[in-house]
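Residue numbers (our numbering), protein chains in the order written: chain R, 32 to 318; chain P, 32 to 318; chain G, 32 to 318; chain D, 32 to 318; chain H, 32 to 318; chain Z, 32 to 318.
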């Protein structure tokens, strides 16, 4: 009976969140370590399916670093990075597109289908979903086909989410000249969330959120606002791969996203626990 | 962390049920001991609110025995029963209507509103919701204004549930001559469920379901079909107040209701636990 | 043939009014002497049914003074009044609710159904139809559970009237803490009309409208505006039970109601005659 | 006050008819003597406007004999008749079309607009409203461009009546070769009513309905069925211009029209009185 | 094969225009010499049908000068003109109405139907399509029933074009007193286009557009703006029957029409060639 | 002027086809030599865009043989064929998916977008678009991951085509166990067309249709029915890569597709010329 009471309490605890988030859009950036572990992947996709089941509108944006590198290796194309961004020549770009839009993307969509959800794999080249332009670097460096988002086709996303499809988006953009761009997945997630004025933007990362001491997991910050983030960037506490995430958070908040979350993707069911429990498990960033 | 995992598992366990029951109608007969305890009442109304929140269409049919008797007492009108049915003269009928439709019914609706749901209190006299006729007794006894259902106005119920209102129905009927009838609440619940071809009909009672030995709670039957019920009636195992409930179950199944449930209303959150867990806590009756 | 010509003329006279009022909302406060006479009641409910039949959207708000007093008598609860308002303790409130929402309200709805209309009985506790707070008295008197309207749930009323239901509203309100309030029915009618920006607000009273000499029926005023009403209040011509009616009229006009009417409910078919004939039979109040 | 009571009774008497006929289609054949008198014309068009105002869907089919003859006279074209049907050569046909579709038809539509209705003048050549073929005569006579209906474009009529337009139809047909046909207006009215499965088909004629003795107005038959009509035709009581009317009635009833009426168009407001009073003023033909 | 390539190129050339004009309203003034030649008429009506087929919403406004004069001749009514406008007494007006609305209008509608389009013949008296008033002349001359447009009933036109009907409009107006007005067809076309904020207004005339030297067809101007037109009027290059056309063009542009065109109606398929080819065949007037 | 007349004639010739095919679904199998030539590709995609522009609902199914082989070469995976079908082990399957769904598919979608159409790239793994099972070979051979279609998700296709998106489908299927299947593109095109009961199914191939002498282009058959095809198969005239195409044609016709076409993709604008000209340029197969 005690077990029943706890089950009931969990369902009751989730109630106000399910109620409040009904019909709301939630953009999830999925990547990193969680992606490499099949068990974790399934747990995360179950979470996303559950969001859809209870009436929310999840949208997945994924990365794909390691698989792309393996394929470039096999094809004997050497990857290059500047400032933490992959330099993408045309040959590399075509491999990136194949891997992101043809392999990783479709496999995520198919796994969502296997769980009873209606995953549908898209990239920015579908119906001009993500219009982009060449990334302007601050230091004059040429990143090749690396792009930045100029426009998101929200009509297609709204059509699909209104009919309970879950868009799965590979971070590839295009322009009117037909060029293809490789775009940072965190940035794409933030831009999509901003364009849709989403309720939530969730980054699944390899750590438990923002820490006041990056090396000490015990120093995780539960909730943080824009000003506090800027201070942490200035003091160097937030840097590296966390930078585009928090930039994305702030840009998204400024563009009308209500809440952003940074979670550890290697916890089982991280999204459910962050969204449907009172305490949460990551860092929530708000205005 | 273990607590988090259990919470996550509870949510995941509930997933396929939430998915399967989306948009489905669930008629709940609410009465008996659970109604007398404010704490239990709140738990049950939380359950009903949750069903609505996750996209189901709950409809409540309630009884009200003890409060009516108290008021009849105060007014010095003596209640009479034949065959377990209240004999209802016109004076009694007007008190029954006042108490059921004006007091108990509206308070349930208001409590649902307090939980964020859109409860709306109705009786059979609203828009001809429940058309009835005088109950024909087998033995020639005259039960007065006691009635039986002849027709349910499903249009009104569909209009309201489609817009997420939760109809709360007092078991009072009417006919074309403007007579008012007191009707057994179990029967009304069964007729409403049948008229709507509901997915589920749930009876909240004072015991944990059907027992093969009525006096031994350990002999609860988890699932039972029509034939088995008929056998138990013949052998006298099922009798008394359980009879209209199982009759209602069978009639409802015959009329297109998919599943019926008999639950103990004094367990906390009985509806959530029966619907959203694999094991359940009562007796499910199916074809 | 002369009879035919008169019938034809009556229908033709009604034509521009029927045309002009198609689809418009008309709130009718029904109470007083008319309510006590079954024949008059039927005539008034026929009128309301006819409004619905020709495409208008009537909404009924009713009082219920005498029946409540009788029941309080029977239950040996003594009614108290301050400044013409019933002081309502909790015990009294529960009797008021029973009588208004369970007895009078449902009987009006049922009678409308008997005439072919789709009457549906509601009170402020249904889906938060009427949110209220404790009435603040000017002189520090405590009226108990007597309330004043803070908000009207127009969504529910629009849903119902769009589908040709006729809402019948008992003047009971509620707040977020679950308290119940007894509210003056005239005030509720005026607030409902204002919230819906109704075309018309009609008060059925015991006299033929506003009189320049309250004791002389011959001095009835056919049409009057706000300023003239204020003058009559100042000079004491309008006072007593007429005050909340004209206050309601003015508040309603200020909130967007187009026309308000004060009619004598003891004339047969008062609403038809006021609305569908050129001369009318009461007092029309406009800006 | 007596006058008020009579007005109220007239409105109340009309109530069940207005209720029953809401949204129903009523086809009215308008022609003969009533058409020649401007006062009668206005009364009839007021009636038709009223039908529309209270939610019915009137459709007018008109004739136009005398005006056409006057114009043929002026143009020195001699009219010819065989078996009571105008023989229509091409020159005559073009005058008939001009007069019916360009003069009479548009003037009726405009007068309806002047009364606040949305009259719209059409003939069979508009959007293939009335497809026709050459009338086959029994005796080999050639009536020229005289036609019979083969198909009615109910889509156009439904589009217009759903938006409260009142189609006014000149009895002219067309075929796939672009020929134009003059068709008996009674027949067109009957075919339109049949194609739409109208509730009512009303013929406005010069007499008070069917009489058992055609010369004695006192012998008017109030209600008659198909078999009785056939008997009266056999016995020669019904003949001449009444024949296509009763034929139209019977054909219409056989094709799904519910009720047909033959009225005297020279009574003021004949349609209102027939439809909205218990006794009526003409002959109703039913199955 | 060369022929195939040319066909393909024509279709491909038309592509962006078909795409750009989908769902757009195009008002076509049809009259003059083209109307007198059956072969040209068919080509023009084919063009209009094609516009409808590829998703545009054509509306036809027609004139009818010569046929009216013939009929006035036959009826021995002498036509009179002042300032190029027909003086229209009531007798003449009734002949004009008959010919325009009953003969020419219906024949155009019927021919469109013969080509598979859904032509529907209307004049300003249908549902108050064109409200008008007496034309005020500058010099005090009385043109009789000659009118000018005061209002266009766009609701009716939108209802019909949304369901793929092609309104064919005779240039006759009406007022609230029931008067009938003869209106210049060019003006009606311009007013209809302005009221609908049409994409295009096309005048089919007897010359190839505006010429800088009216006598030299080689001097046709391909595109011209408002200021240039005003200069040509001032210098007398544009005058006579071209004046109401260019006035209509400018008024239409000022009222929100996007483009106006003046074409030679005696070229085969002039509308298709102007709209669907890059070079066009007439004069386009824009802001 | 002659050029104008020819342009006009081409547009007029296309008219009845555009009219007849409005809103109809056309499935196009695109592959082979045409795919290798950028100029031809653009012409074909222009054709498909035009179909969409004039209101048809095109769906593209593409193959991709040579690019896949090149990539397998680069990755040093050796392709194997049995009975003309690629034997697909899991490693090969993942390369096939990448190339088809990630490279070729997305590039077609992007090129359609560049032409103003709303191309959207999908494979069978998106929302279970193509459910499949392992291909059963007649001779016991194991083709590995080669599959056959068991079900097509028409809901997704209808959602997208109703909003003017052009689905571009890579011929990859999936099953409930999450397996991926490589499916013959001709077969997928035929199954999609059958599931949608398409108006047309078009195969773009490397020859001008079916020839009675495969080696002589002059012997092309313009139109052929099922029986005649069966005869040609029996006599060996139809064999090789043409077999799945004619099988697909017949299966599609049997399943409710109205017309199928086999065209030479290396003619410029083959689809426009086949669909919008009277003579066509390929072989039409009908029942």
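Even for Gly, the Cβ is constructed at its ideal location relative to N, Cα and C.
Same chain, Cβ closer than 7 angstroms to residue i, five either side skipped, listed in chain order
i: residue 287(G); result: 225 and 228
i: residue 238(D); result: 295
i: residue 181(R); result: 162, 163 and 164
i: residue 303(H); result: 78 and 81
i: residue 276(H); result: 217, 234, 236 and 293
Neighbourhood of residue i by C-beta, 6 angstroms cutoff - its chain only, sequence neighbours within 5 removed
i: residue 79(D); result: 89
i: residue 148(D); result: 80, 83 and 197
i: residue 156(D); result: 205
i: residue 188(G); result: 198
i: residue 280(G); result: 291 and 316
Closest residue to residue i among the options (Cα-Cα distance)
i: residue 244(H); options: 268(H), 256(H) and 191(H); result: 268(H)
i: residue 193(P); options: 54(P), 34(P) and 45(P); result: 54(P)
i: residue 272(H); options: 105(H), 216(H) and 59(H); result: 216(H)
i: residue 233(Z); options: 241(Z), 220(Z) and 242(Z); result: 220(Z)
i: residue 241(D); options: 56(D), 261(D), 308(D) and 93(D); result: 261(D)
i: residue 50(D); options: 73(G), 37(G), 146(G) and 56(G); result: 146(G)
i: residue 74(Z); options: 297(Z), 252(Z) and 222(Z); result: 297(Z)
i: residue 169(G); options: 265(G), 113(G) and 246(G); result: 113(G)
i: residue 270(G); options: 283(G), 282(G), 231(G) and 246(G); result: 246(G)
i: residue 178(Z); options: 186(Z), 121(Z) and 305(Z); result: 121(Z)
i: residue 249(G); options: 312(G), 65(G) and 39(G); result: 312(G)
Delimiting residues of the beta strand (DSSP E) encompassing residue i
i: residue 295(P); result: 290–295
i: residue 152(D); result: 149–154
Bridge partner(s) assigned by DSSP for residue i
i: residue 315(D); result: 254(D) and 292(D)
i: residue 137(Z); result: Per DSSP, none; premise fails for residue 137(Z).
i: residue 95(D); result: The partner list for residue 95(D) (beta bridge, DSSP) is empty, contrary to what the question assumes.
i: residue 182(D); result: 162(D)
i: residue 145(G); result: Paired residues: none, contrary to the question.
Delimiting residues of the alpha helix (DSSP H) encompassing residue i
i: residue 123(D); result: 121–128
i: residue 302(P); result: 301–307
i: residue 186(H); result: 185–193
Contacting residues, own chain, Cβ-Cβ under 8 angstroms from residue i (five flanking each side not counted)
i: residue 126(H); result: 99, 102, 103, 106 and 108
i: residue 151(H); result: 140, 191, 196, 197, 198 and 199
My parser needs the beta strand (DSSP E) runs of 3 or more residues fully inside the stretch 47–72 of chain P; what are they? 56–61
I'd like the ranges of any alpha helix (DSSP H) spanning at least 4 consecutive residues and lying wholly in the stretch 197–278 of chain Z. 216–226 and 257–265
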